[in-house]
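S.K.: This structure is in structure tokens; I'll ask about it shortly.
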Amino acid sequence: MTTPAPLAPRIPVIRLSPTTPDPRWRPKAYEGEVVPFRATVFREGHDAVGAMLVLTAPSGAVTRRRLSPIAPGTDRWETRVRLDETGVWRWHVDGFGDEVATWRHDAALKVDAGVDVDLMYELGARLVDRAVAETSRPAAVRKRLAAYAASLRDTDATPATRRALIDDPVLDEFAVRPLARLTTDSGERELLVERRRAGVGSWYEFFPRSEGAKRLKDGGWRSGTFRTAAKRLPGVAAMGFDVLYLPPIHPIGVTNRKGRNNTLDPGPDDPGSPWAIGGPLADGTAGGHDAVHPDLGTLADFRAFVRQAANHGIEVALDLALQASPDHPWIAEHPEWFTVLPDGSIRYAENPPKKYQDIYPVNFDDDPEGVFAEVLRIVRHWMAQGVRIFRVDNPHTKPLAFWERLIAEVNAGDPDVVFLAEAFTRPAMLHALAAAGFQQSYTYFTWRNTKEELTEFLTGLADETADFLRPNLFVNTPDILTEYLQFGGPAAFAVRATIAATAAPTWGVYSGFELFESVARPGAEEAIDNEKYEYKPRDFAAAEQEGRSLALYLGILNRIRAESPALQQLRNLTVHPTDDDAVLAYSKHLEAEFTGTGQDDTIIVVANVDPHSVRETTVHLDLAALGLEPGARFTVEDLVEGERWEWGASNYVRLDAFTRPAHVLRVVREPSPARRRPNRSPNA
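By the UniProt record's numbering, the letter at position 30 of the sequence shown is numbered 30, and the numbering carries on one by one without gaps.
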């Protein structure tokens with residue numbers, strides 16, 4: 001016999017968020033993130049309802065916050081809370097009949113119509129009497145309420161005096177401690193708050209073997225080392241980057257080693273792809289995922305490099321690539337970890353049309369416990385060397401349950417360890433990896449270039465998936481050089497950096513981006529002479545001296561990010577209309593309650609996404625999204641150039657892709673008249 005489903009409560013509380021695609025996973029936030037808690041709360045008839053968030057911090061402290069209607073008629077309620085404690089938070093929403101709000105609504109209608117006047121005042125007085133009897137309310141509050149009830153019953157007062165009581169501020173007490181009945185508890189839920197670096201950071205990627213690499217007189221190469229790579233740390237720090245991501249630093253296989261541009265005929269000095277993990281060590285033995293390439297130095301050298309990075313305010317992120325070269329120790333020790341084809345060969349990795357004959361993917365089915373134990377050992381090995389961030393290569397080609405278990409196991413004892421999913425894959429897998437544990441995710445940002453594409457993409461990140469997916473907006477990678485960058489010139493690089501650095505609290509740059517490297521391998525969407533297969537030392541100082549570098553601008557963007565609380569949030573992005581299909585405008589606003597500065601923080605970004613043109617248009621701002629009143633006039637300051645202008649709801653803007661393709665503007669709460677230039681765009 002089927003058990004009937006429980007009946008709906010008198011006041012349903014449904015569609016709660018934050019949430020995830022599946023109830024087995026917890027939604028998440030990062031330390032300092034402002035999180036909207038929402039619910040749909042309603043009842044039959046016309047009596048008023050209310051909603052209260054009951055939030056328990058990991059420390060046990062309980063907070064109660066009243067939810068407010070998002071839009072009248074939708075029964076949708078919301079309150080926002082800044083979460084400043086890491087760990088698991090517990091929360092639920094109470095929906096209730098709001099008797100005081102119902103009485104105020106009915107009393108105003110009837111008293112103004114002259115219907116049941118004394119009856120309505122008596123009904124209100126009796127409600128307040130109940131509140132006075134509640135010993136949980138402060139004594140001073142109960143005393144004021146008792147006096148208020150007496151005033152409602154004072155028939156000698158003038159009609160105007162009594163009518164004013166319906167709107168008396170003393171009733172604000174019931175917004176904090178409502179007089180509730182028919183309360184419905186939504187049921188307890190959990191929210192995981194992780195450390196701030198899990199959600200906020202500026203990433204920079206370089207190959208340590210290229211930093212300090214030297215061409216020898218005989219035409220060969222001497223690899224860079226951790227010691228020479230450390231000389232690049234001040235430059236990375238000067239640009240404001242606080243996470244340095246290193247591709248695999250392990251020994252590289254010799255068998256099937258790739259040559260320049262992924263060819264199959266390497267020269268004697270071609271270093272091979274770092275992702276072909278497993279190869280000879282200095283003593284002639286084979287090393288794998290727990291070893292350091294002998295050309296780079298020793299394990300002690302790596303630990304010293306991590307410490308030096310920390311001295312510059314930089315965390316080191318290490319690549320975790322679960323694959324092996326034909327020379328990896330796993331091949332002999334654990335052949336069951338790989339797929340053997342009918343001809344006896346081991347299946348190598350492919351991503352059609354790309355082929356990776358130097359890489360064998362791991363088979364997770366024949367010995368799942370053995371594979372799991374080994375990967376957990378490797379992760380903990382590098383954690384012991386000072387690594388707390390792992391960029392995971394191609395996680396979407398491995399079982400979802402494997403990552404869910406691994407990340408849970410690591411974070412159970414070390415909740416500060418962060419995993420970034422390099423998952424360029426279908427939305428279902430991308431979202432599931434994030435919900436199952438990955439703290440950050442690569443996205444398809446690199447291929448979203450038009451105003452229409454960016455509008456849909458950025459609003460989705462800020463709203464639809466923000467409860468579980470944190471985007472890391474890398475502008476390029478060793479494998480990705482989009483047509484937009486290939487043919488857009490320096491303006492394309494500046495625009496992409498501007499959007500990535502301001503639209504999400506985490507973004508990233510692969511070395512060479514600041515030098516406008518844009519020449520692609522014919523027929524491919526990657527740079528010619530790909531650094532994956534060769535040494536590529538760069539003269540950053542000379543490029544800066546000669547004006548061929550974006551480094552200064554990247555530093556400005558990172559400084560703006562560090563100084564703007566609004567840019568350190570994910571969920572607060574609003575796209576604003578413009579009259580030009582090539583001009584994108586959006587804002588990020590954070591109220592004074594959450595900024596820690598005592599003032600609202602509002603950033604407006606306007607970008608010309610066509611890197612080949614000059615655009616003149618009007619930007620139409622939703623002033624409410626900026627925390628401003630209708631019709632407000634206000635001052636904006638260009639945080640790159642320092643100029644100021646007076647703006648309103650609609651503003652003329654001219655963006656020259658060749659001189660100034662984007663504005664990053666802050667709404668100035670206290671204008672400085674001496675620097676104002678009314679009704680002018682920067683290039684008008």
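For glycine and all other residues, C-beta sits at the position ideal for the given N, C-alpha and C.
#1: Can you round the beta-carbon distance between residue 191 and residue 91 to whole angstroms, since I take them to be within the 8 Å contact cut?
#2: Can a CB atom of chain B be found closer than 8 Å to the CB of residue 464?
#3: Do three or more CB pairs link the segment 141-156 to the segment 80-89 at distances below 8 Å?
#4: Return yes when the Cβ of residue 388 is within less than 8 Å of the Cβ of residue 315, no when it is not.
#5: Going along the chain, which unbroken runs of the beta strand (DSSP E) with 3 or more residues stay wholly within the segment 482-515?
#6: With DSSP collapsed to three states, give me the class of residue 429.
#7: Answer with buried or exposed for residue 207, where buried requires no fewer than 16 other C-beta atoms within 10 angstroms of its C-beta.
#8: Taking C-alpha atoms, which residue in 383, 467 and 553 lies nearest to residue 490?
#9: Excluding sequence positions up to five away, which residues of its chain have a Cβ less than 7 Å from the Cβ of residue 760?
#10: Can you tell me where the beta strand (DSSP E) with residue 96 in it begins and where it stops?
#11: Beta-carbon within less than 7 Å of residue 267's beta-carbon, same chain only, minus the 5 sequence neighbours each way: which residues are those?
#12: Any chance the segment 490-508 sits against the segment 464-473, with 3 or more Cβ pairs inside 8 Å?
#13: Do residue 209 and residue 186 have their CB atoms nearer than 8 Å?
#14: Could you say if the segment 294-303 and the segment 340-353 meet the contact criterion of at least three C-beta pairs nearer than 8 Å?
#15: Have a look at the DSSP bridge pairing and note the partners of residue 419.
#16: At which residues does the alpha helix (DSSP H) containing residue 369 begin and terminate?
#17: Would you mind working out which of 20, 564 and 74 sits nearest residue 40, comparing C-alpha positions?
#18: Based on the DSSP secondary-structure assignment, which residues constitute the bridge partners of residue 594?
#19: Exposed or buried, what is residue 673 when buried is set at 16 or more other beta-carbons lying within 10 Å of its beta-carbon?
#20: Throw me the rounded Cβ distance for the residue 239 and residue 558 pair, which I believe falls under 8 Å.
#21: Taking only runs of the alpha helix (DSSP H) that begin and end inside the segment 192-259, which ones reach a length of at least 4 residues, in chain order?
#22: On a CA-only basis, which of 535, 383, 50 and 545 is nearest residue 180? Give me that one, please.
#23: Evaluate residue 685 with the Cβ neighbour count: other Cβ atoms within 10 Å of its Cβ, from every protein chain shown; 16 or more gives buried, anything less gives exposed.
#24: Can you name the residues that DSSP bridges to residue 620?
#25: Name the DSSP beta bridge partners of residue 279, please?
#26: Quick check: what's the CA-CA separation for residue 578 versus residue 568?
#27: For residue 344, which of helix, strand or coil comes out of DSSP?
#28: Using CA coordinates, which residue listed in 183, 654, 629 and 47 is at the minimum distance from residue 617?
#29: Whose CA, out of 255, 415 and 359, lies closest to the CA of residue 394?
#30: Shortest alpha-carbon distance to residue 541 belongs to which of 234, 78, 79 and 103?
#31: Between which two residues does the alpha helix (DSSP H) carrying residue 459 extend?
#32: Please report how far the alpha carbon of residue 427 lies from the alpha carbon of residue 439, in whole angstroms.
#33: Distance, Cα to Cα, residue 243 vs residue 226?
#34: For the beta strand (DSSP E) containing residue 564, list its first residue and its last residue.
#35: Any idea if residue 324 is buried or exposed, counting beta-carbon neighbours within 10 angstroms, 16 or more meaning buried?
#36: Could you compute how far the alpha carbon of residue 55 sits from the alpha carbon of residue 30?
M.R.: The relevant details are as follows:
#1: Between residue 191 and residue 91 the beta-carbon gap is near 6 Å, inside 8 Å, which marks them as a contact.
#2: In summary, chain B is missing from the structure at hand, where a single protein chain is found.
#3: Counting C-beta pairs closer than 8 Å gives fewer than three between the segment 141-156 and the segment 80-89, which falls short of the contact rule.
#4: Cβ atoms of residue 315 and residue 388: closer than 8 Å.
#5: Look at the segment 482-515 and you find these whole runs of beta strand (DSSP E), each 3 residues long or longer: 506-510.
#6: DSSP places residue 429 within a helical segment (H, G or I) once states are collapsed to three.
#7: It is buried - the Cβ of residue 207 has at least 16 other Cβ atoms within 10 Å.
#8: With distances taken between Cα atoms, residue 490 lies closest to 553.
#9: Only positions 1 to 684 of the chain appear in this structure, which leaves residue 760 out of reach.
#10: Where residue 96 is concerned, the enclosing beta strand (DSSP E) stretches over 87-98.
#11: Counting only residues of its own chain and dropping the five nearest sequence neighbours on each side, residue 267 has a CB closer than 7 Å to the CB of 259.
#12: Below 8 Å, enough C-beta pairs join the segment 490-508 and the segment 464-473 to call them touching: three or more.
#13: For the 8 Å CB-CB criterion, residue 209 and residue 186 do not form a contact.
#14: They do not touch, by the three-pair rule.
#15: According to DSSP, residue 419 bridges with 390.
#16: Its alpha helix (DSSP H) spans residues 368-384.
#17: Relative to residue 40, the option among 20, 564 and 74 whose CA is nearest is 74.
#18: In the DSSP output, where bridge partners are listed per residue, residue 594 has none listed.
#19: Interpretation of residue 673 is limited by its pLDDT of 45, a score under 50 that renders its predicted location unreliable; no figure is taken from the coordinates.
#20: For residue 239 against residue 558, the beta-carbon gap comes to about 6 Å, under 8 Å, which counts as contact.
#21: With a minimum length of 4 residues, the continuous alpha helix (DSSP H) runs that stay inside the segment 192-259 are 226-229 and 233-238.
#22: When 535, 383, 50 and 545 are compared, the shortest CA-CA separation from residue 180 is found for 50.
#23: Nothing can be reported for residue 685: it is not among the residues displayed for the chain, which extend from 1 to 684.
#24: Beta-bridge analysis with DSSP links residue 620 to 650.
#25: Looking at the DSSP assignment, residue 279 forms a beta bridge with 287.
#26: Their Cα atoms are separated by approximately 25 Å.
#27: Residue 344: coil per DSSP, three-state reduction.
#28: Put simply, of 183, 654, 629 and 47 the residue whose alpha carbon is nearest the alpha carbon of residue 617 is 654.
#29: Taking each of 255, 415 and 359 in turn and checking the Cα distance to residue 394, the smallest one comes out for 359.
#30: Nearest Cα to residue 541 within the set 234, 78, 79 and 103: 234.
#31: It spans 451-459 - the alpha helix (DSSP H) in which residue 459 sits, taken as one unbroken run.
#32: A direct Cα-to-Cα measurement between residue 427 and residue 439 gives close to 16 Å.
#33: Across the structure, residue 243 and residue 226 are spaced so that their CA atoms are roughly 16 Å apart.
#34: Here residue 564 belongs to no beta strand (DSSP E), and DSSP marks it neither H nor E.
#35: So residue 324 ends up on the buried side.
#36: The straight-line gap from Cα to Cα measures roughly 16 Å.
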